[in-house]
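Structure record follows, encoded as structure tokens.
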Amino acid sequence: MSLIALLGEVFGSTFEELGLDRGYGKVFPSQRPELGDFQCNGALAAARPAGRSARSLAVAVADRAGEDERFGEVLPAGPGFVNIRLSDRFLARWIAGMAADPRLGAPRSEVVSHVVVDYGGPNVAKPMHVGHLRSSIIGDSLARIFAHLGHRVTRDPHFGDWGTQMGMLIIGMQERFPGLSYFDEARREGYPSEAPVSLDELSELYPEVARACAADPERAEAARRATLELQEGRPGYRALWKQMVRVSMESQRADFARLGVEFDLWYGESTVADRVERMIRRMERSGRVTKSEGATVVEVADPDDEAPLPPLLLRKSDGAALYATTDLATIEMRVDDLGADVILYVVDARQADHFRGVFRAARLTGLAPGRVDLEHVGFGTMNGPDGRPFRTREGGVVKLGELIEMVAAAARLRLEENDLGGDYLPAEREAIAEAVGLAALKFGDLATHRASNYVFDPERFVSFSGKTGPYLQYGVVRIRSLLARAEAESLTEGGLIPPSRPAERDLMLTLALMPEAISRSASERAPHHLAEYTYRVAVGFTRFYDQCHILREPDPARQGSWLTLARYTGEVLSMLLELLGIDVPERM
RNA sequence: GCCCUUGUAGCUCAGUGGAUAGAGCGACUGCCUCCUAAGCAGUAGGUCGCAGGUUCGAAUCCUGCCGAGGGCGCCA
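This is how it looks when you write it as structure tokens:
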């Protein structure tokens, strides 16, 4: 049980003894640290139902709880607040308990769910760019958090490999390389094993064709036909499609690996293509599937909606499947085959309406029973300093690799300027630069609430000072360095004794709040709470480190206690950084 | 037009219905003979977009207005 939960129990019982609901005993960190460590505001809420003044209730609660030896003081204040200060002895004992726990005091979920996290979202023919960064980083962190809580987690990038874009690419290829065997209708097999194009060539080709199709109805029609033929299994198209998917995936896997983002599956829209037919028949039994202007749609409107949802397209009038179709088939697959309890879609907030429709359709047609939780975890766009989507100076999209290179280069420069790592081998310097750059990039992104757009200012991101990823890494590196020195001097850790300095006590209090930071990020599907908390721990440690010179401390009991606190803080920081997906170099 | 998201310090952002709204950056002051200065200590900086409402209590919940971003059937 966490400290907050324990305090809630203690004060809940106190309210119960007064004949009131336990719920009033809820305790949270004090907003006025000079008055207490924690506060309980239940008396204010309970006053009316109890028929007595909040102040007198607060006095009664404080009197009863004040006898508990775990508290230094419990005092009523103002109109009905109760301020709680822990005894130093109890605080030290509590942290010692967390430090002795193999899980470091981190929470574990009582029920184990199968959580599918859908993030990353790369597409065929498109190199990963800044738009993929947030989905990848947020999704990766959420997956780590849920796994750490003990849930079963399946991470799936849901590759975009089946829609109309594929038909566009096929006709684009055909126009550019008409002689390729893929386009020979007489041939059924024996296509080349080598890819006919690189990803770079494909990524140039795609926008060209897309523009051409937008301008020319005939080519758009050709692309539609090619899409349908691909979906119906034309061998040459299938073979070409396979090659295009392969070259795209290879490059994207490399990008994800560099980011430190991993997946359990590498499924895409095409993975569920062969179950679409069956799924639509199943959906038809719900009576919600109708024809509209030649297309097959699901009626998802509900009279209670403020704005009725438009029908969801399952098949175009030519019979081809769409985005929503494969999304629904993917839900069916995740529920029926994978046994998902929760599916989180870490996808751009602009697709909110799409997911609302898809989720509604999945419910109405029985694809997703009520016990399955479908959630769109939307996020805002990453803008440049001008408030427009972040682009290169030339106005192009910034590739993910280029972005990483930019922050790594800044970190490299920083190493040189500070004359740090002069004696390091080039490979280690490079690894440090990469880790530091990525930390800056990831923390900068994760620290912002996911729903809002945020401004990416390259200059600010590469300064590496203040509230940044490198600051957090620095905390861990300092602790490691400190512990190594202590070991070299044969100093040993000792049991935690009551804190003797303000910074030491503050650090202990901050550490005690760790379980809530993790569970809150999970329940709100918002890693930024964890990022904020991790920063607070790092600040707490640096202040402690500054105020308490551990290696020079003459009292062995105090020195041993400080070493234990430093070691535990290092372990917690490492764990939290791992949950954020941030690697820590050995030194920096 | 309808719907969604959003508006907090000069800038970038946190903020769980509670008391005196917090960080970082930038500005200004100090601190490397001492465990890594990617650091620490401090100063200045706010009509929480505006107006109502609910509540013992509102940056937080509700309504309206204003500003910003986004979405609205055969793309994804």
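FYI, in our numbering the residues of the first sequence are -3 to 584. C-beta: ideal position from N, C-alpha, C; glycine also.
For Cys36, the pairing in a beta bridge is given by DSSP as Val23 and Val78. Bounds of the beta strand (DSSP E) holding Lys287 are Val285 to Ser288. Two segments are said to touch when three or more pairs of C-beta atoms, one from each, lie closer than 8 angstroms; by this definition the stretch 360 to 368 does not touch the stretch 120 to 139. Annotation for Tyr420: no alpha helix (DSSP H) segment contains it, and DSSP assigns it neither H nor E. Of the candidates Leu236, Lys122, Phe386 and Leu2, Leu236 places its Cα closest to the Cα of Leu176.
Fewer than three Cβ pairs drawn from the stretch 272 to 292 and the stretch 341 to 354 lie within less than 8 angstroms of each other, which leaves the two stretches out of contact. Exposed is the label assigned to Asn449, since fewer than 16 other Cβ atoms lie within 10 Å of its Cβ. The shortest CA-to-CA distance from Leu2 to any of Asp17, Ala429, Ala96 and Phe34 is the one to Phe34. Here Asp542 is exposed, its C-beta having fewer than 16 other C-beta atoms within 10 Å.
The C-beta of Gln555 has 16 or more other C-beta atoms within 10 Å across all chains shown, which makes the residue buried. Distance from the CA of Phe155 to the CA of Ser461, rounded to the nearest whole angstrom, comes to 37 angstroms. The beta carbon of Arg28 is closer than 8 angstroms to those of Gln35 and Asn79 in its chain, skipping five residues each way along the sequence. The Cβ-Cβ distance between Ser194 and Val243 falls below 8 angstroms. Assigned with DSSP and collapsed to three states, Met(-3) falls in coil, not helix or strand. Annotation: Met162 to Ala407 spans about 39 angstroms, alpha carbon to alpha carbon. Put simply, of Leu573, Thr377 and Leu399 the residue whose alpha carbon is nearest the alpha carbon of Thr444 is Thr377. Rounded to the nearest whole angstrom, the C-alpha separation of Phe537 and Arg563 is 11 angstroms.
Note on geometry: alpha-carbon atoms of Leu576 and Phe351 lie some 26 angstroms from one another. Within the stretch 152 to 209, the runs of alpha helix (DSSP H) at least 4 residues long that lie entirely inside it are, in chain order, 160 to 172.
Using a Cβ-Cβ distance cut-off of 8 angstroms, the stretch 184 to 194 and the stretch 126 to 133 are not in contact, since fewer than three pairs of beta carbons, one from each stretch, lie closer than that value.
Listed as beta-bridge partners of Lys395 by DSSP are His125.
One Cα belongs to Val533, the other to Glu390, and the distance between them is close to 41 angstroms. Fully contained in the stretch 433 to 486 are the following alpha helix (DSSP H) runs of length 4 or more, in chain order: 454 to 457 and 465 to 484. Around Gly117, the same chain offers His128, Ser131, Pro153, His154, Gly156 and Val343 as residues with beta carbons nearer than 7 angstroms, after the five sequence neighbours per side are excluded. As DSSP reads the structure, Ala336 sits in no beta bridge. Beta-carbon to beta-carbon, Leu434 and Val403 are separated by about 7 angstroms, close enough to satisfy the 8 angstroms threshold. Cβ contact annotation for Ser49 (same chain, cutoff 8 angstroms, sequence separation greater than five): Ala43 and Gly76, in chain order. Scanning Glu455, Met571 and Phe540 for the CA closest to the CA of Thr530 turns up Met571.
Assigned with DSSP and collapsed to three states, Met94 falls in helix. The Cβ neighbour count for Leu547, taken over all protein chains shown within 10 Å, is under 16; the residue is labelled exposed.
Counting only runs that start and end inside the stretch 289 to 367, the beta strand (DSSP E) elements of at least 3 residues fall at 291 to 294, 308 to 311 and 338 to 341. Counting along the chain, Ala73 sits inside the beta strand (DSSP E) bounded by residues Phe67 to Ala73. Exclusion of the five residues before and after Glu567 leaves Leu100 as the residues of its chain whose Cβ lies within less than 6 angstroms of its Cβ.
Annotation: Arg104 to Gly290 spans about 51 angstroms, alpha carbon to alpha carbon. 8 angstroms or more divides the Cβ of Leu559 from the Cβ of Leu492.
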